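Take the sequence shown: its position 62, counting from 1, is numbered 52 in this note's numbering, and each next residue is one higher. Below: the structure, in structure tokens.
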Amino acid sequence: MSAPRLVLVLGDQLTPSVAALAAAEKGRDVVVMAEVAAETDYVRHHPKKIALIFAAMRKFAARLSEDGWQVAYTRLDDEENAGSIPGELLRRAEEHGAKQVIATRPGEWRLIEALEDCPLEIDLLEDTRFIASHDDFEQWAKGRKALRMEYFYREMRRKTGLLMEGDNPAGDKWNYDHDNRKPAEDDLFLPKPLWFEPDEATEEVLSLVESRFGKNFGKLRPFGFATTAEEAEQVLSHFIENALENFGTYQDAMLQNQRFLYHSLISAYLNIGLLDPLDVCQRVEAAWQQGKAPINAAEGFIRQILGWREYVRGIYFHEGPDYPRRNALNHQRSLPPLYWGAETRMNCLSLAVKQTEEEAYAHHIQRLMITGNFALIAQINPAEVHEWYLEVYIDAFEWVEAPNTVGMSQFADGGVIASKPYVSSGNYINKMSDYCGACDYSVATKTGEGACPFNLLYWHFLLRHRDRFEQGPRTAQMYRTWDRMDEARRETVLREAETFLDRMSKGETV
Ligand code: FAD
Ligand code: DLZ
Ligand code: SF4
């Protein structure tokens, strides 16, 4: 029999048809899976994230063994654990007399480079669990001045036929975002997410994570995430039956007592391979065809996966390894301790951070227009913001997190992703949430005692970057509004914003 090859399966590659497994031979090759310090420690991940990945890895390995694969699985506390993925490959290569490795290309430059430096013969295969291949994205990007998601998304609709009627978009509109900006009313009948009681295998992981990562930011328990493909499938069905119908309409809404609203909570399952993106989109399209959801909901949801998710992955690899370190606006302030749960008088931030700490989850508008918006207008160094998002969310892997944070949210890529900075005063937050009513600050107050900090910092940000944004078709209007303001008021706004930022940088509670 020919020598065995090692088949690397990483913690976010838990799909039976993943490229490396598809290219391997069951009776011959050895699947290598490893819980390693290099992956748990490259940032201080939320304990729920480590628990999800380890529990799902262990159950996936057990399933592969049941299916007849030879699996070499290393637990974090195994004595021989080499501590890194290349280290584990070298150890297993020696153990099994293997020289070749089959691997699916990781979703992060850091790990791709580590594998390229490993002195084994490693065949890095394209990750085929995406709807657009690298080639598809590069073909689309070639020769374009601007890489806007909307046009990529239309191409993907045509490629897959999703929500298409011949050559035309279903309902004659590509995008129903206009219908999707309603604030929500709190109500007892909002759908509740589907959670699972940890079984014995998950409990074992929770104990390990508690002892090793108990000091990381974030609450480990209660832990209710799905840890197998079957459970993730149940979460998707639960969403389609109970929440999809209202997903579009209330997509941007925020409520203090409703952390999940009509969101699906499937991002982590998609990202670690428990759900397949095309299958999810087809299930949602079918729900619309059966009359279970209106077009604005189905289109809005499918756009997030077929459009945004595929697009940000394309951008991450298109832009290259330096992307997460970009700082086009030269923001240098440190991330204030309030992001780690220190006291703040800003109710919106306090709620978003507390929810993140407890759930390892916040929905898109909380990430973009609360924590992201504040970091941008407070001019925080985007590298620190990037690290924060990578650490605290259950679904955070660099290929998807960095474009969203560095690009969409912090404009640190200079506008590769966003055509304007996502900044707002308190007005937007007040319109889309019930947060302001319970805040120490007053959203209606523009300057002076109790003025909402977003009202001050918004203008401060715009003025600091006037040269860059003044001519922008989507930002010029803001400068005209500023110029029409009374001069004394303009001075007060800028002075108070400076005072606020100084106090924040000194570590005072703001
Ligand atoms: P839903 O609102 O139900 O949306 C459905 C699905 O669409 C999601 O599960 C997700 O797979 C996909 N999706 C939606 N928006 C995006 C987007 N902008 N980019 C990529 N996919 C999207 N998403 C991650 O998966 N990982 C991250 O690390 C991550 N970091 C983010 C950081 C910032 C600053 C911002 C603004 C957004 C980030 N997002 C990230 C995108 C988005 O916020 C999450 O995908 C979403 O909140 C996950 O919750 P959900 O599954 O309930 O999503
Ligand atoms: C995120 C993560 C963590 C915390 N731990 C492991 C691990 O121990 N072993 C592993 O194979 N993968 C882990 N992962 C996922 C990897 O970090 C991920 O594959 C890369 O970031 C590329 O997306
Ligand atoms: Fe946030 Fe300002 Fe509203 Fe307070 S008043 S919750 S700081 S937007």
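Positions of the beta carbon are idealized from the N, C-alpha and C atoms, including for glycine. All values derive from a computational prediction rather than experimental measurement.
Bounding residues of the alpha helix (DSSP H) (the contiguous stretch that carries residue i)
i             : result
aspartate 269 : 267 to 279
glutamine 467 : 466 to 474
valine 390    : 388 to 392
alanine 434   : Counting along the chain, alanine 434 falls outside any alpha helix (DSSP H), and DSSP gives it neither H nor E.
glutamine 224 : 219 to 232
threonine 482 : 477 to 495
glutamate 348 : 337 to 349
valine 302    : 300 to 309
leucine 260   : 257 to 262
alanine 501   : Lying before the first or after the last residue shown, residue 501 is absent from the chain, which here runs from -9 to 500.
Residue i CB to nearest heavy atom of the ligand FAD below 7 Å
i                 : result
tyrosine 469      : no
glutamine 294     : yes
serine 414        : no
phenylalanine 213 : no
valine 22         : no
tyrosine 141      : no
tyrosine 379      : yes
glycine 362       : yes
methionine 398    : yes
glutamate 309     : no
beta-carbon residue i near the ligand SF4 non-hydrogen atom, thresh 7 Å
i              : result
tyrosine 431   : yes
proline 443    : yes
tyrosine 63    : no
methionine 494 : no
asparagine 420 : yes
methionine 336 : yes
tyrosine 425   : yes
Boundaries (first-last residue) of the beta strand (DSSP E) holding residue i
i              : result
alanine 24     : 20 to 24
isoleucine 370 : Premise fails: isoleucine 370 is in no beta strand (DSSP E) and is neither H nor E.
leucine 11     : Careful: leucine 11 lies outside any beta strand (DSSP E), inside the alpha helix (DSSP H) at 9 to 12.
leucine 453    : Where leucine 453 is concerned, there is no enclosing beta strand (DSSP E), although the alpha helix (DSSP H) it sits in stretches over 443 to 454.
valine 413     : Unbroken run through valine 413: none, as it is neither H nor E.
leucine -4     : -4 to -2
CB contact below 8 Å: residue i versus chain D
i          : result
alanine 27 : Looking at the structure shown, chain D is missing, and only one protein chain is on hand.
When the options are compared against residue i, the one with the closest alpha-carbon
i                 : options                           : result
asparagine 158    : Asp169, Met146 and Asp167         : Met146
arginine 148      : Pro37, Leu296 and Tyr329          : Leu296
leucine 66        : Val26, Ala52 and Glu103           : Val26
glutamate 289     : Leu198, Ala392, Asp162 and Asn394 : Asp162
alanine 332       : Cys108, Asp242, Met494 and Gln248 : Met494
glycine 310       : Val61, Asp2, Glu15 and Ile102     : Ile102
alanine 28        : Trp59, Gly77 and Thr150           : Gly77
alanine 222       : Arg211, Val270 and Leu11          : Val270
phenylalanine 490 : Ala368, His376, Lys421 and Gln467 : Ala368
threonine 239     : Leu80, Met422 and Glu439          : Met422
valine 302        : Phe186, Gln279, Val274 and Met398 : Met398
alanine 174       : Asn236, Phe307 and Leu264         : Asn236
glycine 58        : Thr192, Thr334 and Val21          : Val21
alanine 24        : Gln272, Arg144 and Ile40          : Ile40
glutamine 300     : Arg34, Phe120 and Thr94           : Position check: residue 300 holds glutamate in this sequence, whereas glutamine was assumed. Of the listed residues, the one whose Cα sits closest to glutamate 300 is Phe120.
asparagine 232    : Ala342, Arg81, His353 and Leu251  : Leu251
glycine 17        : Leu184, Val61 and Asn445          : Val61
phenylalanine 229 : His321, Pro183, Ala392 and Glu460 : Pro183
glutamine 322     : Ile292, Ala373, Ala122 and Glu116 : Ala373
alanine 243       : Trp378, Leu180 and Glu187         : Leu180
aspartate 177     : Glu193, Leu196 and Gln246         : Gln246
The ligand DLZ heavy atom lying under 7 Å from the CB of residue i
i             : result
glutamate 388 : yes
proline 284   : no
glutamate 98  : yes
glutamate 481 : no
glycine 73    : no
aspartate 2   : yes
threonine 395 : no
leucine 260   : no
| query | Which whole runs of the alpha helix (DSSP H) in the region 32 to 70 are 4 residues long or more, in chain order? | reply | 37 to 56
| Enumerated in chain order, which unbroken segments of the alpha helix (DSSP H) with a length of 4 residues or greater are wholly contained in the region 132 to 216? | 139 to 150 and 190 to 203
| Where are the alpha helix (DSSP H) runs, 4 residues long or more, that stay fully inside the region 70 to 139, in chain order? | 75 to 86, 99 to 106 and 124 to 131
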